[in-house]
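Single-structure report; data block below.
Numbering (the working numbering), first residue to last: 67 to 245.
Below, the structure is given as structure tokens:
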């Protein structure tokens, strides 16, 4: 519409600087593998992982524990990482309560206007690529730390990823999710 030269170019959803190779292969070059237990929400061992850095919250593929007879048969999802014990926590079913979060904390907040919006204030937020706007309240602003409370639970909120806040179509800023 605007005559931009890249208007028909395909969106990039991966990590552009690693090229056309699997993400796990890229991580293998830079991070040591530190194997540990995979446990379910009841702390029952269900497998072994190759290192916590190789998994993300909400991940379904590549966990390596499918087909267990004593389970419901639903797909397994990564629900958490216990850094202190090197355990990967998994649950069955995409809608499992441990995959849903009503709030988050974020650090290193940065604001387009140079200052944080009033607190508390109503906005919309995104924590994942192509996610629909999620109505929320920015309920705490302390230096560069924020708290975001969602009207409805959000799926697979992931520490280390960004939360971006909007006022309708205007990007206000955001931060890095800590929990």
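Note that beta-carbon positions come from the ideal geometry of N, C-alpha and C, so glycine has one too.
Chain-order list of residues whose beta-carbon lies under 7 Å from that of residue i (same chain, five-residue window excluded)
i: residue 213; result: 169, 171, 205, 206
i: residue 196; result: none
i: residue 115; result: 101, 102, 104, 121, 154
i: residue 234; result: none
i: residue 177; result: 238, 239
Close beta carbons around residue i, own chain, < 8 Å, minus the five adjacent residues each side
i: residue 118; result: 100, 102, 147, 149, 152, 154
i: residue 157; result: 106, 107, 142, 143, 145, 164, 165
Residue j beta carbon less than 8 Å from that of residue i
i: residue 123; j: residue 222; result: yes
i: residue 210; j: residue 245; result: no
i: residue 232; j: residue 189; result: yes
i: residue 193; j: residue 236; result: no
i: residue 191; j: residue 202; result: yes
i: residue 51; j: residue 224; result: Past the boundaries of the shown model lies residue 51; the chain is included only from 67 to 245, so the question cannot be answered.
Opposing strand residues paired with residue i [DSSP bridges]
i: residue 31; result: Given that the chain is displayed from residue 67 to residue 245, the structure contains no residue 31 and the question cannot be resolved.
i: residue 111; result: 105
i: residue 215; result: 169, 203
i: residue 233; result: 236
i: residue 128; result: None, per the DSSP bridge assignment.
i: residue 254; result: The displayed coordinates of the chain run from 67 to 245. Any statement about residue 254 would go beyond what the structure contains.
i: residue 228; result: 242
Other residues of its chain near residue i: CB distance less than 6 Å, five sequence neighbours each side excluded
i: residue 112; result: 104, 106, 131
i: residue 226; result: none
i: residue 216; result: 168, 200, 202
i: residue 140; result: 158, 159
Option in the options with minimal Cα separation from residue i
i: residue 181; options: 110, 239, 95; result: 239
i: residue 208; options: 224, 198, 225, 186; result: 186
i: residue 125; options: 159, 97, 139; result: 159
i: residue 138; options: 127, 219, 162, 220; result: 162
Cutoff 8 Å: residue i Cβ touching any chain D Cβ
i: residue 218; result: In the displayed structure, chain D is absent; only one protein chain is listed.
Extract the residue ranges of the beta strand (DSSP E) inside the segment 160-210, only unbroken runs of 3 or more that lie entirely within it. 166-177, 187-192, 200-208
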